[in-house]
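When you line the sequence shown up against the numbering used here, it's residues 12 to 396, in that order. Following: one structure in structure tokens, then a few remarks.
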Amino acid sequence: MASGRNLSVYIHVPFCAVRCGYCDFNTYTATELGGGGSQAEYPRNAMAEMDLTLADDRAAGYDYDRVSTVFFGGGTPTLLPADDLVAMLSHLRTLIPLAEDAEVTTEANPDSVSRASLSRLADGGITRVSFGMQSAVRSVLATLDRTHDPERVPQAVAWAREAGLDVSLDLIYGTPGETLADVETSVKSALACGVDHMSAYSLIIEGNTAMARQLRRGELEAPDPDDMADKYELIEDLATADGLSWYEVSNWARTPQQRSRHNLAYWRGGDWWGIGPGAHRHRDGLRSWNVKHPSRYARTLAEGTLPVADSEQVPAEDRRVERIMLELRIADGLPVETVPEQTRGMLEVHRERGHLDPAALAAGRAVLTRRGRLLADAVIRDLVP
Numbered sequence: 012m013a014s015g016r017n018l019s020v021y022i023h024v025p026f027c028a029v030r031c032g033y034c035d036f037n038t039y040t041a042t043e044l045g046g047g048g049s050q051a052e053y054p055r056n057a058m059a060e061m062d063l064t065l066a067d068d069r070a071a072g073y074d075y076d077r078v079s080t081v082f083f084g085g086g087t088p089t090l091l092p093a094d095d096l097v098a099m100l101s102h103l104r105t106l107i108p109l110a111e112d113a114e115v116t117t118e119a120n121p122d123s124v125s126r127a128s129l130s131r132l133a134d135g136g137i138t139r140v141s142f143g144m145q146s147a148v149r150s151v152l153a154t155l156d157r158t159h160d161p162e163r164v165p166q167a168v169a170w171a172r173e174a175g176l177d178v179s180l181d182l183i184y185g186t187p188g189e190t191l192a193d194v195e196t197s198v199k200s201a202l203a204c205g206v207d208h209m210s211a212y213s214l215i216i217e218g219n220t221a222m223a224r225q226l227r228r229g230e231l232e233a234p235d236p237d238d239m240a241d242k243y244e245l246i247e248d249l250a251t252a253d254g255l256s257w258y259e260v261s262n263w264a265r266t267p268q269q270r271s272r273h274n275l276a277y278w279r280g281g282d283w284w285g286i287g288p289g290a291h292r293h294r295d296g297l298r299s300w301n302v303k304h305p306s307r308y309a310r311t312l313a314e315g316t317l318p319v320a321d322s323e324q325v326p327a328e329d330r331r332v333e334r335i336m337l338e339l340r341i342a343d344g345l346p347v348e349t350v351p352e353q354t355r356g357m358l359e360v361h362r363e364r365g366h367l368d369p370a371a372l373a374a375g376r377a378v379l380t381r382r383g384r385l386l387a388d389a390v391i392r393d394l395v396p
């Protein structure tokens, strides 16, 4: 029995009030759901999956001493009543103890919470909330199909602070039509809230989204890479000036303790449960993923079966490639010996190009410079055989 292990748990809540045009996540509005997959039934189904997942782990010889992080993602988890999120967390706690300092995060839209709901979440064990702010500019929010009023963000942050929650704000940059001044407005608005953590993700327009169809029809203009680089550098300048430091290419925190430990567990290849429709699970190199539709998910659980769509045992060499891809993106960097010998010479090439920190490389770690962060994907490609 493998024990003494930390576990992270991701709980996917696949419900949204409105489906955003850029979104490629496994999410559904109420009108898209068939029988068995309703919001009201979801907590019971998720708890049943937790029971079956624990039994599956133990049958395979795995046991966990503690859950170190929990993340309610989506979708919009806070479309469910706060009591439902607390009930799922409480059930998890009966299966595996939560660490005393467990980080428990829920994503939320600014218009999906109230002072009372945030207080209930905090009382029930949630420690952190990540608000999908995306932008402070109304025209940008409209292009993204976001429905919240940007003026609601400071109010939601204040309520979360009042409840004792740590707060992160998530931004998206590179929206068609967005200017550099728009990005400056959004970042300054986020920082003015006094957040502990900020994420800023470049917009990626996936092929099967409404926004991709708008691009193909010529209704929107595709993001320009040079413009995206200028916006990233502006975000970095503003975040640094406000006292936040980058710890992953798209993430900044005020202190090391306020980094997202849940996301760091992903980037460092930890073990995690993925609970919910379409959620992914990882256990010591075994990766599996659930069926996507909430109704099928519910029917499978009703039969007493884990709702796994498929799984794979990731070969050791593939795991090493993934480690390079993920760990090079974080500020701690990557041990040099992780890079295959046939590509290790590229480390020096990228040091000379200004993409890798010379002092860190001399100490045996590959750490991206600011310039290297702009070209992270290219650096990674050169290090992967």
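Virtual Cβ for every residue (Gly too), placed ideally from N, Cα, C. Remember, predicted model here, so these are calculated numbers, not experimental data.
| query | result |
| --- | --- |
| Measuring CA to CA, which of Arg126, Glu111 and Ala98 is closest to Gly135? | Ala98 |
| Count the other CB atoms within 10 Å of the CB of Arg227; is the residue buried (16 or more) or exposed (fewer)? | exposed |
| Look at the alpha carbon of His293 and the alpha carbon of Thr38, and state the distance between them as a whole number of angstroms. | 21 Å |
| What did DSSP end up calling Glu363 once you bin it into helix, strand or coil? | helix |
| Could you tell me the alpha carbon to alpha carbon distance between His208 and Ala313, rounded to whole angstroms? | 39 Å |
| Excluding sequence positions up to five away, which residues of its chain have a Cβ less than 7 Å from the Cβ of Leu255? | Met209, Trp263, Ala264 and Arg265 |
| So who's on the other strand from Glu328, going by DSSP bridges? | Partner(s): none; Glu328 has no beta bridge. |
| Buried or exposed, going by whether 16 or more other CB atoms sit within 10 Å of the CB of Glu328? | exposed |
| Where does Gln269 land, buried or exposed, given buried means 16+ other C-beta within 10 angstroms? | buried |
| Return the CA-CA distance between Leu176 and Ser123, expressed in angstroms with no decimal places. | 16 Å |
| Given a cut-off of 8 Å, decide if Val319 and Asn301 are closer than it, judged by their beta-carbon atoms. | yes |
| Closest to Pro236 by CA distance: which of Asp388, Asp74 and Ser19 is it? | Asp388 |
| Is the separation between the beta-carbon of Arg131 and that of Ala93 shorter than 8 Å? | yes |
| Enumerate in chain order the residues of its own chain whose CB-to-CB distance from Pro161 is below 6 Å, with the five nearest sequence positions on each side excluded. | Ala147 |
| Note down, in chain order, each residue of its chain lying with its Cβ closer than 7 Å to the Cβ of Met58, except the 5 sequence neighbours on either side. | Met99 and His102 |
| For Asn262, name the three-state secondary structure that DSSP assigns. | strand |
| Using three-state DSSP, classify Leu109 as helix, strand or coil. | strand |
| Would DSSP call Leu358 helix, strand or coil? | helix |
| Considering Cα atoms alone, identify which of Val194, Tyr75 and Leu129 is closest to Leu152. | Val194 |
| Helix, strand or coil for Pro165? Go by DSSP, reduced to three states. | helix |
| In whole angstroms, what is the alpha-carbon distance linking Met12 and Ala70? | Residue placement at Met12 is poorly supported in this model, since its pLDDT is 45, which falls under 50; the coordinates still yield a value, given next. So the two alpha carbons sit approximately 9 Å from each other. |
| If you run the structure through DSSP and keep just helix, strand and coil, what is Thr80? | strand |
| Please work out which residues of its chain come closer than 7 Å, Cβ to Cβ, to Thr349, disregarding the five sequence neighbours upstream and downstream, and give them in chain order. | Arg331, Arg334 and Ile335 |
| Leaving out five residues on either side along the sequence, give the residues of the same chain with a beta carbon under 6 Å from the beta carbon of Gly185. | Ser213, Leu214, Pro234 and Met239 |
| By DSSP, does Asp67 sit in helix, in strand, or in coil? | helix |
| What do you get for Val29, buried or exposed, if any count of 16 or more other CB atoms within 10 angstroms of its CB means buried? | exposed |
| Which value, in whole angstroms, describes the spacing of the CA atoms of Glu317 and Asn56? | In the sequence as presented, Glu is not what sits at residue 317; that position holds Leu. One C-alpha to the other measures close to 11 Å. |
| Tell me whether Glu195 sits in a helix, a strand or coil according to DSSP, three-state version. | helix |
| Can you tell me which of the three DSSP states Arg334 falls into? | helix |
| What residue from Asp62, Arg163 and Gly285 has the CA that sits closest to Arg104's CA? | Asp62 |
| In terms of alpha-carbon separation, which member of Ile107, Leu91, Gly84 and Leu90 lies closest to Tyr73? | Ile107 |
| Report yes if the C-beta of Ser146 is less than 7 Å from at least one heavy atom of the ligand GTP; otherwise report no. | Absent from the structure shown: the ligand GTP. Ligands present: none. |
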